[in-house]
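**Student:**
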Amino acid sequence: MRWLPYGPQAVMIYFADEVGAEAFQCGRAIRAALERRPPPGLREFVVSFTSVLLEFLPAHAVDGDALVAALHDAVGASAPSPEPPRVIPVCYGGPDLGRVAEHAGMSECDVIEVHCGVLYRVYSLGFAPGFPYLGDLDPRLHVPRLATPRVRVPAGSVAIGGEHTGVYPVESPGGWNLIGHTAIRLFAPEADDDARFFLRAGDLVRFVPE
Amino acid sequence: MMPPVPMTEPFLEVLSPGLGAAFHDQGRPGWRRFGVPAGGAMDAHAAACANRLLGNPPWSTVVECLLHGARFRVLRDCWLALTGADLRPSHPRWRVFRAAAGETIRLDGHVSGVWAYLALEGGFAAPHWLDSASTLAAAGLGRPLQKGDQLHRCESEPRFEMPPGVTARIAHWSEQRDYSHPPPLRVWPGPQWDWFAPDDRHRFFDQPWTVAAQSNRLGYRLTGEPLARPARSMISEPVRIGSLQVPPDGQPVVILRDGPTVGGYPKIGVVDPEDLDWLVQTAPGRPVRFTAISHD
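In the order they appear, the protein sequences are chains Y and X.
Just so we're aligned, residue 536 is where the first sequence starts under this note's numbering, counting upward by one.
Just so we're aligned, residue 13 is where the second sequence starts under this note's numbering, counting upward by one.
#1: For the putative contact between residue 59 of chain X and residue 48 of chain X, defined by C-beta atoms under 8 Å, what is the C-beta separation to the nearest angstrom?
#2: Can you name, in chain order, every residue of its own chain whose Cβ lies under 7 Å from the Cβ of residue 233 of chain X, other than the five neighbours on each side?
#3: Given this structure, state the Cα-to-Cα distance separating residue 289 of chain X from residue 673 of chain Y, to the nearest angstrom.
#4: With which residues is residue 249 of chain X paired in a DSSP beta bridge?
#5: When you check each C-beta in the stretch 567 to 592 of chain Y against every C-beta of chain X, which residues fall closer than 8 Å?
#6: From which residue to which residue does the alpha helix (DSSP H) around residue 712 of chain Y run?
#7: Within its chain, find whatever has a CB closer than 8 Å to the CB of residue 545 of chain Y; leave out the 5 residues flanking it on each side and keep chain order.
#8: Can you list the beta strand (DSSP E) stretches of 3 or more residues lying completely in the stretch 29 to 87 of chain X, in chain order?
#9: Which value, in whole angstroms, describes the spacing of the CA atoms of residue 553 of chain Y and residue 23 of chain X?
#10: So with CB distances below 7 Å, who are the chain Y contacts of residue 247 of chain X?
#11: By the criterion of Cβ-Cβ separation under 7 Å, what are the contact partners of residue 641 of chain Y in chain X?
#12: To the nearest angstrom, how far is the alpha carbon of residue 685 of chain Y from that of residue 90 of chain X?
#13: Under the three-state reduction of DSSP, which class applies to residue 13 of chain X: helix, strand or coil?
#14: Assuming contact is defined by CB atoms lying nearer than 8 Å, are residue 94 of chain X and residue 128 of chain X in contact in what I supplied?
#15: Can you confirm whether the stretch 276 to 284 of chain X touches the stretch 239 to 249 of chain X when touching is taken to mean that 3 or more C-beta pairs between the two stretches lie within less than 8 Å?
#16: Go to residue 644 of chain Y, then tell me how far its alpha helix (DSSP H) extends in each direction, as first and last residue.
#17: Starting from residue 200 of chain X, find everything on chain Y with Cβ-Cβ shorter than 8 Å and list it in chain order.
#18: Tell me the DSSP secondary structure of residue 605 of chain Y in three-state form.
#19: Rounded to whole angstroms, what is the Cα-Cα separation between residue 13 of chain X and residue 555 of chain Y?
#20: Looking at the secondary structure, which residues open and close the alpha helix (DSSP H) in which residue 597 of chain Y lies?
#21: Would you report the Cα separation of residue 142 of chain X and residue 658 of chain Y, rounded to the nearest angstrom?
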């Protein structure tokens, strides 16, 4: 683990050199540690693929070495018990399912089977509230983003963008290939605390066709 | 989603939102790890000043107006404050003023700045999502104000009263900013500072950059002599507000309050949070200069 200063009252900590199972476990443990016992003055944190940003309130001393040491201990000490995967039922058949099948050189049924056959890791949330970057997608389904993004992608769209798959939590513009739709709401701003977000970084996800 | 209408009489009516008007406050820190931008008034200094003039709590909701065109009809006598951009307003800026029922508040022109703030005694009553009234229409958290919207007062807060013997309440001169002359903005090294060649680091600080028209609450695009993009691939990582991302075209983008929480472009620097309020008030076509500040 190493850290870099990132302007006043903030550090970026890098906990892995490449995306993968090890980075995922590490990010998950760091998230759990920061939620369970946040360092004094922590204003907010963002965990992503191989790094975590920590921002502190004004007038709190920020000691990168101490933070790295504490997180290092937390990662080593507690392997957070694996939670059961979050299940997302999908009605497959989006407007780009045919394009993805053609690109992969397989039938649409096989695309669905391959897309459902993987236990995905939520590496990062971003782009939109609750939008998960899910890996690792079967390389045969790595289909480039659309040359011209759609102006409007409906909420609940299940999509493939390059090496990731994801679900659009809110209606937004987007360039990913749409292969299905889910009724699960990934972002419910009116709900109570824990129910606002269906997923968080570090979760496991399984898609099930319906 | 329409805000719930409180059982009170409205104080203002939106005659026109102009180029854009919306409720904002100090934003919603703490949700960026779920991909929710912190939001909040673009110019936190000006918004805070408007609330302070009226004695409002610092978390009170204000109306943020983008450039010219916003007009409001006063429905009931009230105390208001107007701060931020100089949009040739019908009423004075940087001081509390009394508006009478029937008057119209207009922001008709443009002298300097980008964002103007209108505060009402006690704050505007506005729906809250994730602890904040800051509008984030893209995520369904509120919507921009529209013609005909009626604006209410936060009735749980006391009305404003000019203290006895006081004739005017005016922001200290040092708080009244002239956005036509921004100071050089302090920039700290970003996580990928070392990835940029020394020439490009110099080029970044040595030239004035122009704020491009493609600028909004998500980010401001800067144009100038382009920086060479480092020839390294990058794994997407968290992005701090104020970050200067350098996309392949070499023209930096400053990530702002509604901007992405994660990004895959190298960040040459990050604008000091206090100086962001100056940056956002720099109108498209106007120059900004940066000055280096170091962690040592």
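Backbone N, C-alpha and C fix where the C-beta goes; we use that ideal spot for every residue, glycine too.
Quick caveat, the model's predicted, so the values are computed rather than measured.
**Tutor:** Looking at the atomic coordinates:
#1: Your numbering for residue 59 of chain X matches position 47 in the second sequence. Your numbering for residue 48 of chain X matches position 36 in the second sequence. At roughly 20 Å, the Cβ-Cβ gap does not stay under 8 Å, so residue 59 of chain X and residue 48 of chain X are not in contact.
#2: For the purposes of this step, residue 233 of chain X is taken as the residue at position 221 of the second sequence. Cβ neighbours of residue 233 of chain X beyond the five flanking positions: 224, 226, 227, 263 and 265.
#3: The residue labelled residue 289 of chain X in the question sits at position 277 within the second sequence. The residue labelled residue 673 of chain Y in the question sits at position 138 within the first sequence. For residue 289 of chain X and residue 673 of chain Y, the distance between alpha carbons rounds to 45 Å.
#4: Taking the second sequence and counting its residues from 1, the one referred to as residue 249 of chain X is at position 237. Note: residue 249 of chain X sits in a beta bridge opposite X:275.
#5: 578, 579, 580, 581, 582, 583, 584, 585, 586, 587, 588 and 590
#6: The residue given as residue 712 of chain Y occupies position 177 in the first sequence. Residue 712 of chain Y -> not in any alpha helix (DSSP H); beta strand (DSSP E) instead, spanning 712 to 716.
#7: Indexing the first sequence from 1 puts residue 545 of chain Y at position 10. Closer than 8 Å at Cβ, skipping near neighbours: 588, 589, 590, 591 and 597.
#8: 33 to 36, 74 to 78 and 82 to 86
#9: Numbered from its first residue, the first sequence carries residue 553 of chain Y at position 18. Numbered from its first residue, the second sequence carries residue 23 of chain X at position 11. Those two C-alpha atoms are separated by around 56 Å.
#10: Taking the second sequence and counting its residues from 1, the one referred to as residue 247 of chain X is at position 235. By Cβ distance, chain Y contributes 554, 584 and 585.
#11: To locate residue 641 of chain Y, count along the first sequence from 1; it is residue 106. Here the premise fails: no neighbours, minimum Cβ distance about 28 Å.
#12: Stepping through the first sequence from its first residue, residue 685 of chain Y is reached at position 150. Stepping through the second sequence from its first residue, residue 90 of chain X is reached at position 78. Rounded to the nearest angstrom, the two C-alpha atoms are 46 Å apart.
#13: By 1-based counting over the second sequence, the position of residue 13 of chain X is 1. In this prediction, residue 13 of chain X scores a pLDDT of 45, lower than 50, which makes its location untrustworthy; no coordinate-derived value is stated.
#14: On the second sequence, residue 94 of chain X is found 82 positions in, with the first residue counted as 1. On the second sequence, residue 128 of chain X is found 116 positions in, with the first residue counted as 1. In this structure, residue 128 of chain X lies closer than 8 Å to residue 94 of chain X by Cβ.
#15: yes
#16: As a position in the first sequence, residue 644 of chain Y is number 109, starting the count at 1. Looking at the DSSP string, the run of the alpha helix (DSSP H) that includes residue 644 of chain Y is 643 to 651.
#17: Walking along the second sequence from the start, residue 200 of chain X turns up at place 188. Under the 8 Å cutoff, chain Y gives 540, 541, 542 and 543.
#18: Residue 605 of chain Y sits at position 70 when you count from the first residue of the first sequence. Helix, per DSSP.
#19: Here residue 13 of chain X corresponds to residue number 1 of the second sequence, with the count starting at 1. Here residue 555 of chain Y corresponds to residue number 20 of the first sequence, with the count starting at 1. Since pLDDT at residue 13 of chain X reaches only 45, below the 50 mark, its modelled position is unreliable, and no value is offered.
#20: Numbered from its first residue, the first sequence carries residue 597 of chain Y at position 62. Neither: residue 597 of chain Y is in no alpha helix (DSSP H) and is coded neither H nor E.
#21: Here residue 142 of chain X refers to the residue found at position 130 of the second sequence. Here residue 658 of chain Y refers to the residue found at position 123 of the first sequence. C-alpha separation (whole angstroms): 23 Å.
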